[in-house]
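Written below as structure tokens is the structure these notes are about.
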Amino acid sequence: MEHEKDHIIPYRTFLYVLAGLIVLTLISVTVTKIHLGTLTVFIALLIAAVKSTFVLRIFMHLKFENRMFTIMVIAVILLIGVVIFITLLDYLYR
Amino acid sequence: MQPTPGIDASNYVSSFNLAFYFIVAVSLLFMIGLTVLMLYFVFKYNRKKNARAVQIDGDLRLEILWTVVPTLLALLMFYFGWSGWKPMTKAPDDAMVVTSVARMWSFSFAYENGKTSQDLVVPVNKPVKINLVALDVIHSLFIPEFRIKSDMVPGRETMMWFLPQREGQYDLYCAEYCGLQHSYMSSTVKVLSEEDYLAWYTDTTAVTTVAEGSAPGSEGFAILKARGCNACHTSDGSKLIGPSYLNLFGEQQIVIRDGKEVPVMVDEEYIKKAIYDPNSEITKGYPKGLMQSYTGIVSEEEIEKIIEYLKSLNEQ
Amino acid sequence: MEEHRDDLASKTGMWLFLFTEMLLFGGLFVVYSVYRYINADAFHLAAQELSVPVGTINTIILLISSATIAMSVTAIRKNNKKLSLLLLGFTILLGLVFLGNKYFEWGHHIKENIYPGSPVLASRGQGDVLFYGLYYFMTGLHALHIIIGLVFIGFIARLIIKDRIVSDNYVLLENSGLYWHLVDLIWIFLFPLFYLIT
Amino acid sequence: MSAHEGMQEPNYLEFKGKYKGIYSWIFSTDHKRIGLLYLFSILSLFVIGATIGLLMKFELIAPGKTIMDAKAYNAFFTLHGIIMIFAVVIPGLPAVFGNFMLPLQIGAKDVAFPKLNLLSWYLYVAGVLMVVISQFTGDQAPDTGWTFYAPYSFRTAGNMLPAVFGAFLLGFSSILTGLNFLVTIHRMRAPGMTWLRMPLFPWTLYATAWIQLLATPIVGITLLMIVAERLFNIGFFDPTLGGDPVLYQHLFWTYSHPAVYIMILPAMGAISEIIPTFARKIIFGYKFMVASSLLIAFVGYFVWGHHMFTANMSGKALYIFSLLTFLVAIPSAIKVFNWISTLYKASIYLQTPFFWAMAFIFVFMIGGFSGLIIGSLAADVHLHDTHFVVAHFHFIVFGGTGFAFFGAAHYWFPKITGKMYDALWANIGLTVFFIGFITLYMPMFFLGVAGMPRRYFDYDEVFHTGNIISTMGSWILYSGLSIIITNLFVSLKRGVKAPADPWGGSTLEWTIPSPPPVENFIETPIITKGPYSYK
Numbered sequence: 273m274e275h276e277k278d279h280i281i282p283y284r285t286f287l288y289v290l291a292g293l294i295v296l297t298l299i300s301v302t303v304t305k306i307h308l309g310t311l312t313v314f315i316a317l318l319i320a321a322v323k324s325t326f327v328l329r330i331f332m333h334l335k336f337e338n339r340m341f342t343i344m345v346i347a348v349i350l351l352i353g354v355v356i357f358i359t360l361l362d363y364l365y366r
Numbered sequence: 056m057q058p059t060p061g062i063d064a065s066n067y068v069s070s071f072n073l074a075f076y077f078i079v080a081v082s083l084l085f086m087i088g089l090t091v092l093m094l095y096f097v098f099k100y101n102r103k104k105n106a107r108a109v110q111i112d113g114d115l116r117l118e119i120l121w122t123v124v125p126t127l128l129a130l131l132m133f134y135f136g137w138s139g140w141k142p143m144t145k146a147p148d149d150a151m152v153v154t155s156v157a158r159m160w161s162f163s164f165a166y167e168n169g170k171t172s173q174d175l176v177v178p179v180n181k182p183v184k185i186n187l188v189a190l191d192v193i194h195s196l197f198i199p200e201f202r203i204k205s206d207m208v209p210g211r212e213t214m215m216w217f218l219p220q221r222e223g224q225y226d227l228y229c230a231e232y233c234g235l236q237h238s239y240m241s242s243t244v245k246v247l248s249e250e251d252y253l254a255w256y257t258d259t260t261a262v263t264t265v266a267e268g269s270a271p272g273s274e275g276f277a278i279l280k281a282r283g284c285n286a287c288h289t290s291d292g293s294k295l296i297g298p299s300y301l302n303l304f305g306e307q308q309i310v311i312r313d314g315k316e317v318p319v320m321v322d323e324e325y326i327k328k329a330i331y332d333p334n335s336e337i338t339k340g341y342p343k344g345l346m347q348s349y350t351g352i353v354s355e356e357e358i359e360k361i362i363e364y365l366k367s368l369n370e371q
Numbered sequence: 758m759e760e761h762r763d764d765l766a767s768k769t770g771m772w773l774f775l776f777t778e779m780l781l782f783g784g785l786f787v788v789y790s791v792y793r794y795i796n797a798d799a800f801h802l803a804a805q806e807l808s809v810p811v812g813t814i815n816t817i818i819l820l821i822s823s824a825t826i827a828m829s830v831t832a833i834r835k836n837n838k839k840l841s842l843l844l845l846g847f848t849i850l851l852g853l854v855f856l857g858n859k860y861f862e863w864g865h866h867i868k869e870n871i872y873p874g875s876p877v878l879a880s881r882g883q884g885d886v887l888f889y890g891l892y893y894f895m896t897g898l899h900a901l902h903i904i905i906g907l908v909f910i911g912f913i914a915r916l917i918i919k920d921r922i923v924s925d926n927y928v929l930l931e932n933s934g935l936y937w938h939l940v941d942l943i944w945i946f947l948f949p950l951f952y953l954i955t
Numbered sequence: 002m003s004a005h006e007g008m009q010e011p012n013y014l015e016f017k018g019k020y021k022g023i024y025s026w027i028f029s030t031d032h033k034r035i036g037l038l039y040l041f042s043i044l045s046l047f048v049i050g051a052t053i054g055l056l057m058k059f060e061l062i063a064p065g066k067t068i069m070d071a072k073a074y075n076a077f078f079t080l081h082g083i084i085m086i087f088a089v090v091i092p093g094l095p096a097v098f099g100n101f102m103l104p105l106q107i108g109a110k111d112v113a114f115p116k117l118n119l120l121s122w123y124l125y126v127a128g129v130l131m132v133v134i135s136q137f138t139g140d141q142a143p144d145t146g147w148t149f150y151a152p153y154s155f156r157t158a159g160n161m162l163p164a165v166f167g168a169f170l171l172g173f174s175s176i177l178t179g180l181n182f183l184v185t186i187h188r189m190r191a192p193g194m195t196w197l198r199m200p201l202f203p204w205t206l207y208a209t210a211w212i213q214l215l216a217t218p219i220v221g222i223t224l225l226m227i228v229a230e231r232l233f234n235i236g237f238f239d240p241t242l243g244g245d246p247v248l249y250q251h252l253f254w255t256y257s258h259p260a261v262y263i264m265i266l267p268a269m270g271a272i273s274e275i276i277p278t279f280a281r282k283i284i285f286g287y288k289f290m291v292a293s294s295l296l297i298a299f300v301g302y303f304v305w306g307h308h309m310f311t312a313n314m315s316g317k318a319l320y321i322f323s324l325l326t327f328l329v330a331i332p333s334a335i336k337v338f339n340w341i342s343t344l345y346k347a348s349i350y351l352q353t354p355f356f357w358a359m360a361f362i363f364v365f366m367i368g369g370f371s372g373l374i375i376g377s378l379a380a381d382v383h384l385h386d387t388h389f390v391v392a393h394f395h396f397i398v399f400g401g402t403g404f405a406f407f408g409a410a411h412y413w414f415p416k417i418t419g420k421m422y423d424a425l426w427a428n429i430g431l432t433v434f435f436i437g438f439i440t441l442y443m444p445m446f447f448l449g450v451a452g453m454p455r456r457y458f459d460y461d462e463v464f465h466t467g468n469i470i471s472t473m474g475s476w477i478l479y480s481g482l483s484i485i486i487t488n489l490f491v492s493l494k495r496g497v498k499a500p501a502d503p504w505g506g507s508t509l510e511w512t513i514p515s516p517p518p519v520e521n522f523i524e525t526p527i528i529t530k531g532p533y534s535y536k
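Chains as they are written, first to last, in the numbering used here: chain A, 273 to 366; chain B, 56 to 371; chain C, 758 to 955; chain D, 2 to 536.
Right, here's the structure in full:
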């Protein structure tokens with residue numbers, strides 16, 4: 273695993289990301305105070321998605337790993353999405 | 056009654072036949088063809104006859120052919136299945152409405168004029184819409200001759216409909232496993248002529264008067280029978296799901312109330328409570344939660360008659 | 758027998774395990790979406806009763822703990838054993854604080870007689886029953902994962918002390934980090950779904 | 002690292018390790034020994050499950066009560082289902098032959114995580130024990146059927162918690178096996194073994210492992226919800242508390258339909274090994290075989306709703322599920338075409354494993370085609386929850402997986418034990434078994450079309466004839482089964498010594514001695530060509 277030696281992630285990267293995540297959390301909390309109807313759900317989940325992308329890419333170092341991992345993670349998330357979607361097909365059209 | 060040949064029992068028989076026999080025919084064709092081919096190869100290319108195999112690693116045209124052709128056939132099969140099912144989703148506006156109530160382990164059918172029946176009685180050639188209600192667990196109303204079935208899901212009101220086309224008697228089963236007496240949860244569909252049906256429908260004499268004989272308590276017995284109580288309780292002392300009626304009234308029973316064992320006397324109050332709020336006190340040794348409340352289904356007068364029947368059992 | 762070490766295999770195994778965890782919660786998200794769709798109004802109202810400040814603080818606690826365990830990997834790779842252990846200890850501490858908050862939050866609801874099977878909850882209608890059922894079940898399962906994660910990290914810390922995890926053999930520490938980040942990741946979704954979408 | 006330099010590499014059966022006797026098995030992390038641990042546990046459970054099936058068929062020989070009451074019957078079909086599904090057919094091929102053969106076929110020393118592998122076996126045993134406990138404790142044995150349908154599963158007085166927890170543990174064991182195989186295939190293939198030089202059995206294990214990994218957690222969480230429901234009254238699936246019982250079915254089948262592919266894919270893989278070996282021929286359309294395995298695994302994930310056609314789903318969901326169901330049949334059809342085409346201009350060596358493969362193709366076709374019938378909406382409305390469905394899934398699950406299992410057992414028997422089985426008795430066993438199988442399950446198709454619902458303890462007189470034939474079939478089948486199993490055990494003691502490659506196979510496991518040495522390959526093999534390269 274020699275090539276991994278190249279990118280010991282510096283401490284400050286984590287601190288920056290952490291700061292970003294906390295800011296996003298606070299934004300998410302503030303936004304929900306404003307009543308936007310169904311848009312609230314969408315925005316809250318969007319921010320959660322952005323946050324999780326940061327966690328996955330930096331904290332879980334997907335950015336620096338073999339592409340295979342990224343593909344697998346995306347596939348699994350899509351799978352959960354499709355399962356929810358198909359199940360909802362039943363409930364939305366009852 | 057002997058069913059008249061030549062007429063389908065319901066409007067779904069022909070569409071079922073189309074979907075079913077089309078797939079069966081295609082399948083048999085493939086099955087026989089492939090099996091014969093396989094046996095022929097095994098015979099012809101046996102190592103005694105063919106010492107050296109010819110290495111063929113595939114053929115793109117063949118692969119495409121046997122991907123595309125089955126796909127088209129499958130789509131056709133899907134279409135027949137879909138077109139046969141489509142009409143089931145919406146009942147005609149002029150359909151007569153019957154509400155079927157399923158509980159462990161009996162069906163009952165309520166008509167618009169308040170008449171209830173253990174059998175499903177319908178006139179011929181008139182669409183019937185059945186509202187499906189399940190009180191405890193999932194049941195499924197299945198009439199094989201009509202090629203129709205629908206689950207009855209507690210907490211959801213759903214429906215099924217059909218057009219009976221031939222007079223006669225048909226079996227009706229519960230098709231979704233619902234516990235101990237599942238295989239005895241059945242009923243009969245009676246398809247009558249228009250006149251016979253009207254005669255039956257307008258005869259609003261209460262179920263209880265259909266009692267056999269006039270022995271004391273016979274009315275009570277008829278009520279128990281009509282409400283499906285006998286699926287779980289016997290009158291000969293044997294233990295089924297719930298306690299037997301035999302030697303019950305006026306005796307001491309141990310019941311579990313709020314997790315504690317309490318002795319009680321079986322009197323009128325007790326019987327009433329056992330019918331209207333069965334889960335508040337459970338007789339020791341019997342499972343909880345299997346009986347639903349019969350509030351609004353069995354009236355107080357009917358309970359009087361049931362008690363009369365219970366008393367008559369003690370005297371034997 | 759000394760086995761040939763394959764760090765990538767180990768990491769792949771960990772990721773695959775995380776996938777099963779994702780699917781485990783995925784099943785619950787299916788249930789959540791369905792019941793939220795059916796009982797939109799009740800969920801909306803019930804969610805307002807959860808304390809957003811507590812939820813926010815817990816979110817931030819988990820985010821910080823994620824960052825500290827990630828930095829701990831950097832520390833061990835730079836051969837800074839002490840700092841690595843310190844950061845791990847900090848992570849464990851934050852995890853415990855998270856659990857403490859959760860304890861008081863649950864306790865508060867239970868004191869108000871809101872828990873599965875309580876008559877008070879039942880009288881409030883089916884949407885509330887489902888909301889709180891899911892709330893207790895999902896956050897409870899999440900808390901269980903926190904506890905497992907804490908034990909896992911504690912075990913890793915011991916290995917560091919014993920010098921079994923060092924600057925060129927740190928895959929186990931990385932794996933415990935991956936697990937902890939996943940727990941964080943799930944919370945990132947639980948938080949808006951229960952506290953924010955009102 | 003190796004204490005046994007030189008020519009005298011001991012085989013894995015004779016190897017003296019740290020432990021002696023039984024401990025050298027139950028503490029072994031050798032994938033071959035673990036494979037055999039699974040083989041014996043699964044075979045024992047299979048015999049128990051089959052015996053329960055035999056008793057159930059005997060009960061159905063005539064209407065009314067014959068040898069057991071409804072309560073016992075309901076408990077029996079529940080136990081039969083739990084054992085056969087969760088403890089026999091799901092782990093059957095992957096855990097036994099997958100464990101044994103996967104490392105051999107890809108040229109590896111072991112699986113990626115040998116200790117985890119042993120742990121999965123322990124979880125398996127623990128799961129089985131929980132199921133056993135559920136039978137003998139509590140008020141009443143579980144009586145919900147293996148599907149644990151809500152709300153009955155939390156109404157019944159049956160002792161559900163241990164059974165449900167047992168199924169959960171069995172699922173967990175299955176996940177760990179899948180995880181292990183995935184990492185093994187990704188990381189431990191021998192030098193030169195590119196993805197497209199991998200034999201088809203590992204390929205199907207690969208596709209299976211993904212399903213095990215990604216579908217099993219869903220049933221895991223569903224079972225946990227049932228547990229929570231029974232303990233705390235949460236109301237997830239309880240209609241009186243607002244829950245939806247149909248949602249339970251969605252979640253349950255989201256796993257349990259893909260589980261069918263966990264059962265059948267490795268079976269297809271084993272058949273894809275047997276056919277080229279005995280045909281002395283490269284498999285026809287290798288890439289299509291690989292692609293169809295992956296496609297089955299993928300599409301198979303999204304067809305669960307066809308178990309719920311009569312459960313009052315929305316119309317849109319219904320026909321999308323039906324359409325997908327028809328499409329998932331195509332890759333299976335492609336496999337059948339390719340198997341049969343492989344026989345064209347072959348040089349077929351007629352041996353027992355090959356007969357099993359032929360029988361497999363035949364019963365699998367019946368199972369598959371009957372599956373099309375109940376995938377069709379109009380037909381399924383009538384046939385759902387009748388004996389037609391029982392016949393269909395026994396043709397697929399028992400016919401498919403079972404036939405492939407015995408095919409594989411005979412095919413790899415010399416490799417695993419170092420002995421040859423008695424071919425005459427093996428063929429007699431197969432013949433009796435096959436006749437019994439057809440006699441047992443064929444009448445059920447007719448019973449189903451006539452309208453006999455499944456899980457019926459008692460039935461109307463009109464269904465009598467079919468049931469008599471079926472019951473007699475069960476006797477024949479059971480006799481066949483006894484012959485097969487007895488023959489294998491007797492051959493274990495008395496069989497002649499097997500050479501390294503009795504069939505002239507071309508995959509890696511046949512290049513090493515029978516039984517294999519502890520470390521599998523004395524020298525790491527270097528792969529230069531695809532599998533099934535015959536001259």
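Even glycine gets a Cβ: it sits at the ideal position worked out from N, Cα and C. None of the values given here were measured: they were computed from a predicted structure.
Through-space distance from residue j to residue i, alpha-carbon basis
| i | j | result |
| --- | --- | --- |
| B:Asn168 | D:Gly474 | 51 Å |
| D:Phe233 | C:Tyr889 | 12 Å |
| D:Arg281 | D:His187 | 29 Å |
| C:Leu982 | C:Ile826 | The displayed coordinates of chain C run from 758 to 955. Any statement about residue 982 of chain C would go beyond what the structure contains. |
Three-way DSSP call (helix, strand, coil) for residue i in this model
| i | result |
| --- | --- |
| B:Ile337 | strand |
| B:Glu316 | strand |
Close Cβ partners of residue i (< 8 Å) along its chain, the five nearest in sequence each way excluded
| i | result |
| --- | --- |
| C:Val809 | Tyr952 and Leu953 |
Other residues of its chain near residue i: CB distance less than 6 Å, five sequence neighbours each side excluded
| i | result |
| --- | --- |
| D:Tyr479 | Leu55 |
Stretch pair the segment 194 to 206 of chain B + the segment 431 to 446 of chain D: three plus CB contacts closer than 8 Å: no
Selection of the segment 227 to 242 of chain D by Cβ proximity to chain C, strictly under 7 Å: Here the close residues are Ala229, Phe233, Asn234, Ile235, Gly236, Phe237 and Leu242.
Assess contact between the segment 794 to 813 of chain C and the segment 826 to 841 of chain C, defined as three or more Cβ pairs (one per stretch) separated by less than 8 Å. Is contact present? Because the criterion of three Cβ pairs below 8 Å is not met, the segment 794 to 813 of chain C and the segment 826 to 841 of chain C do not touch.
Contact between the segment 806 to 822 of chain C and the segment 293 to 304 of chain A is defined here as three or more beta-carbon pairs at a separation below 8 Å; is this criterion met? yes
Output needed in chain order: residues of the segment 312 to 330 of chain A with a Cβ under 8 Å from some Cβ in chain C. Thr312, Val313, Ala316, Leu317, Ile319, Ala320, Lys323, Ser324, Val327, Leu328 and Ile330
Using 8 Å as the Cβ pair cut-off and three pairs as the minimum, do the segment 769 to 787 of chain C and the segment 336 to 353 of chain A touch? yes
For the segment 315 to 331 of chain D and the segment 220 to 230 of chain B, state whether three or more C-beta atom pairs, one from each stretch, are separated by less than 8 Å. no
With 8 Å as the limit, tell me which residues of the segment 204 to 238 of chain B have their beta carbon closer than that to any beta carbon of chain D; keep them in chain order. Lys204, Ser205, Asp206, Val208, Pro209, Gly210, Arg211, Thr213, Asp226, Tyr228, Cys229, Ala230, Glu231, Tyr232, Cys233, Gly234, Leu235, Gln236, His237 and Ser238
Does the pairing of the segment 486 to 506 of chain D with the segment 273 to 291 of chain D give three or more beta-carbon distances under 8 Å? yes
Specify whether the segment 321 to 335 of chain B and the segment 239 to 253 of chain B touch according to this definition: at least 3 beta carbon pairs, one from each stretch, less than 8 Å apart. no
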